[in-house]
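**Student:** I have a structure I would like to understand better, so I am pasting it below and will then ask my questions one at a time.
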Amino acid sequence: MTTTSAPVSTLALLLLGQSSDLVSERGVDCPGVLPPASDPDLVERATAAKAALGDSVFILGHHYQRDEVMAFADATGDSFKLARIAAERPDVENIVFCGVHFMAESADILTGPDQRVLLPDLAAGCSMADMAARDQVDRAWATLREAGLSAGTIPVTYMNSSAAIKSFTGEHAGAVCTSSNAAAVMRWAFEQGQRILFLPDQHLGRNTAVRDLGLSLSDCAVYDPRLPDGGLTRSELTDAKVLLWRGHCSVHARFTTDSVAQVRERVPGIQVLVHPECQHDVVLAADFVGSTEFIIATIEAAPAGSSWAIGTELNLVRRLASAHPDKHVTFLDRTVCYCSTMNRIDLPHLVWTLESLVAGRAVNRITVEVETAKWARVALDRMLAMPGPSARD
Ligand code: SF4
């Protein structure tokens with residue numbers, strides 16, 4: 023293995039083969055000859071297919087997508103913003119959603135029956151959304167009902183959940199939330215009942231309950247769907263103001279307080295900016311906490327020369343670093359970590375999707391069953407009807 027030659031900045035995002043950091047092994051050189059990250063033919067083919075499809079196709083790109091995919095996006099944003107953009111384009115026949123499965127489901131729920139939503143790779147799921155299955159949540163609700171608690175419990179589900187869980191939430195008088203409006207939705211829920219069942223991200227639920235609503239950690243109890251009665255006693259179920267589903271984002275939950283302490287030690291004066299899907303102690307240790315859109319806006323507004331360590335998905339952090347060369351932007355952790363499912367969408371899959379449309383075939387269409395979509399829409403509409411911050415992931 024070839025080791026480093028160039029001096030390494032404490033802040034640089036190290037790309038493969040460009041330099042390296044012996045402590046973390048970031049950026050180690052490849053001993054062989056790598057093919058280009060994107061075959062130039064693929065760029066030409068995607069360009070040609072998109073041109074051939076004209077106004078009949080609209081490509082949405084989530085902030086966590088690869089650059090090679092984002093280059094073809096007609097609109098970029100977080101999951102909710104993209105779903106809303108899709109809903110505002112009833113004239114478009116085909117929406118190619120470069121994101122993950124639950125996002126394509128939301129777009130299908132919010133668009134017309136004649137519009138098709140396509141996900142270039144069906145393997146692009148979300149580990150957090152997969153942590154709450156409908157049968158598990160139904161069982162949890164039965165437990166609450168047997169304990170005489172379901173009537174006063176309001177489900178709140180994060181946008182990052184399956185259509186089936188949004189549907190459950192709509193059927194049981196609850197609402198969807200995003201990381202921008204979670205506090206407003208939770209306050210609304212406490213006006214409807216005494217207790218919240220927060221799905222599926224325990225960290226967003228806990229951070230919002232404690233930081234924004236002033237509840238204590240002891241007001242929150244973690245409901246583990248793999249254990250009988252969620253692993254909680256009857257009194258723990260009764261006393262909890264917020265029942266946090268035991269789910270998490272595999273990307274954001276990996277940041278630790280050690281990551282924060284180490285970056286502060288390496289770079290005096292650096293400001294730490296994290297997403298609320300991070301663990302509670304990480305959020306407490308950070309300087310700023312907010313949604314993907316908040317993170318982007320904060321870096322855009324930051325003064326030249328300021329230093330930032332960001333705890334969110336690496337594709338976005340890399341893009342922010344290259345878009346703001348006058349600021350020092352680095353990934354919060356010393357080792358790189360992409361969202362593996364987001365990265366399933368690559369240029370070959372996008373080309374395949376577009377060329378299939380040109381050939382008259384709609385591949386990987388995502389459709390939500392009518393009854394599920396109806397109740398999921400109810401939960402989404404309850405959120406949209408609430409005052410407060412704009413709905414952003
Ligand atoms: S970053 Fe986390 S929440 Fe977002 S798609 Fe990946 S696993 Fe799911």
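Numbered according to the numbering used here, the sequence shown spans residues 23 to 415. Cβ atoms here follow ideal geometry from the backbone N, Cα and C, with glycine treated the same way. Quantities reported herein were computed from a predicted structural model and do not represent experimental measurements.
Compute the minimum distance between the beta carbon of residue 92 and the heavy atoms of the ligand SF4, and state whether it is under 7 Å.
**Tutor:** Incorrect: residue 92 has no Cβ contact closer than 7 Å to the ligand SF4.
**Student:** In chain order, what residues of the same chain have a beta carbon less than 8 Å from the beta carbon of residue 302, not counting five sequence neighbours either side?
**Tutor:** 225, 228, 229, 232, 239
**Student:** Excluding the 5 residues flanking residue 389 on each side, which residues of the same chain have their C-beta closer than 7 Å to its C-beta?
**Tutor:** 130
**Student:** Using a Cβ distance threshold of 8 Å, determine whether the stretch 361-372 contacts the stretch 163-174, with at least three qualifying pairs required.
**Tutor:** Between the stretch 361-372 and the stretch 163-174, the count of C-beta pairs closer than 8 Å stays below three; the two stretches do not touch.
**Student:** Can you check which of these residues, 282, 128, 339, 123, is closest to residue 145 by C-alpha distance?
**Tutor:** 123
**Student:** Following the continuous beta strand (DSSP E) through residue 243, name the residue where it begins and the one where it ends.
**Tutor:** For residue 243, the enclosing beta strand (DSSP E) has its first and last residue at 242-245.
**Student:** List the endpoints of the continuous alpha helix (DSSP H) containing residue 123.
**Tutor:** 123-132
**Student:** Mind checking if residue 242 is an interface residue toward chain B, Cβ cutoff 8 Å exclusive?
**Tutor:** In the structure shown, chain B does not exist; there is a single protein chain.
**Student:** Quick one: is the Cβ of residue 182 within less than 7 Å of any heavy atom of the ligand SF4?
**Tutor:** Checking the Cβ of residue 182 against the ligand SF4 gives yes.
**Student:** Residues bridged to residue 267 by DSSP?
**Tutor:** 245
**Student:** Opposite residue 22 in the DSSP bridges: which residues?
**Tutor:** Residue 22 lies beyond the range of the chain shown here (23 to 415); nothing can be said about it.
**Student:** Can you check which of these residues, 288, 287, 300, is closest to residue 275 by C-alpha distance?
**Tutor:** 300
**Student:** Beta carbon of residue 81, beta carbon of residue 96: below 8 Å?
**Tutor:** Yes, Cβ-Cβ distance for residue 81 and residue 96 is below 8 Å.
**Student:** So, helix, strand or coil for residue 52, using DSSP?
**Tutor:** With a pLDDT of only 47 at residue 52, under the threshold of 50, the placement of this residue in the model should not be trusted, and no figure is reported.
**Student:** Among the candidates 206, 339, 220, whose CA atom is the shortest distance from the CA of residue 359?
**Tutor:** 339
**Student:** Using 8 Å as the threshold, is the stretch 280-294 in touch with the stretch 256-269, meaning 3 or more CB pairs across them?
**Tutor:** They do not touch, by the three-pair rule.
**Student:** Which residues in the same chain as residue 105 place their Cβ atom closer than 6 Å to its Cβ, once the five residues preceding and following it in sequence are excluded?
**Tutor:** If we look at residue 105 and ignore the five residues flanking it on each side, its Cβ neighbours are 128, 129, 132.
**Student:** For residue 76, which of 90, 117, 85, 84 has the nearest alpha-carbon?
**Tutor:** 117
**Student:** Kindly list the residues whose CB is nearer than 8 Å to the CB of residue 312, restricted to its own chain and excluding five residues on each side of it in sequence; keep chain order.
**Tutor:** If we look at residue 312 and ignore the five residues flanking it on each side, its Cβ neighbours are 201, 202, 295, 297, 298, 320.
**Student:** Given this structure, state the Cα-to-Cα distance separating residue 57 from residue 63, to the nearest angstrom.
**Tutor:** Any reading at residue 57 is ruled out, since the residue's pLDDT is 41, under 50, leaving its predicted position unreliable.
**Student:** Can you tell me which of 195, 154, 387, 70 puts its alpha carbon nearest to the alpha carbon of residue 94?
**Tutor:** 70
**Student:** Just how far apart, CA to CA, sit residue 190 and residue 264?
**Tutor:** Straight-line Cα distance between these residues: approximately 18 Å.
**Student:** Should residue 274 be counted as a contact of the ligand SF4 given a C-beta to heavy atom distance under 7 Å?
**Tutor:** Look at residue 274: its beta carbon is less than 7 Å from one of the heavy atoms in the ligand SF4.
**Student:** Considering only residues of the same chain and omitting the five flanking positions on each side of residue 185, which have a CB-CB separation below 6 Å?
**Tutor:** When the five nearest sequence neighbours on each side are left out, the beta carbons in the same chain lying within less than 6 Å of the beta carbon of residue 185 are those of 127, 390, 394, 398, in order along the chain.
**Student:** Over what stretch of residues does the alpha helix (DSSP H) that includes residue 220 continue unbroken?
**Tutor:** Residue 220 -> not in any alpha helix (DSSP H); beta strand (DSSP E) instead, spanning 217-221.
**Student:** Any idea what DSSP makes of residue 85, helix, strand or coil?
**Tutor:** coil
**Student:** Going by beta-carbon coordinates alone, are residue 140 and residue 365 separated by less than 8 Å?
**Tutor:** no
**Student:** Quick one: Cα of residue 198 to Cα of residue 206, how far?
**Tutor:** Per the coordinates, the alpha-carbon of residue 198 lies some 11 Å from the alpha-carbon of residue 206.
**Student:** Scan the stretch 320-347 and note each continuous beta strand (DSSP E) run of 3 residues or more that stays entirely inside, going in chain order.
**Tutor:** 329-333
**Student:** For the ligand SF4, any of its heavy atoms closer than 7 Å to the Cβ of residue 238?
**Tutor:** no
**Student:** Between the alpha carbons of residue 208 and residue 377, how many angstroms are there, rounded?
**Tutor:** Between the C-alpha atoms of residue 208 and residue 377 there is a straight-line separation of about 44 Å.
**Student:** Any chance you could list the alpha helix (DSSP H) runs of at least 4 consecutive residues sitting entirely within the stretch 183-232, in chain order?
**Tutor:** 185-193, 204-214, 224-229
**Student:** Tell me the DSSP bridge mates of residue 8?
**Tutor:** Missing from the structure shown is residue 8; the chain here goes from 23 to 415 and no further.
**Student:** Between which two residues does the beta strand (DSSP E) carrying residue 177 extend?
**Tutor:** 175-180
**Student:** Select from 175, 234, 383 the residue whose C-alpha is nearest the C-alpha of residue 305.
**Tutor:** 234
**Student:** Please tell me whether, using a cut-off of 7 Å, the distance from the CB of residue 335 to the nearest non-hydrogen atom of the ligand SF4 is below it.
**Tutor:** Shortest gap from the CB of residue 335 to any heavy atom of the ligand SF4: under 7 Å.
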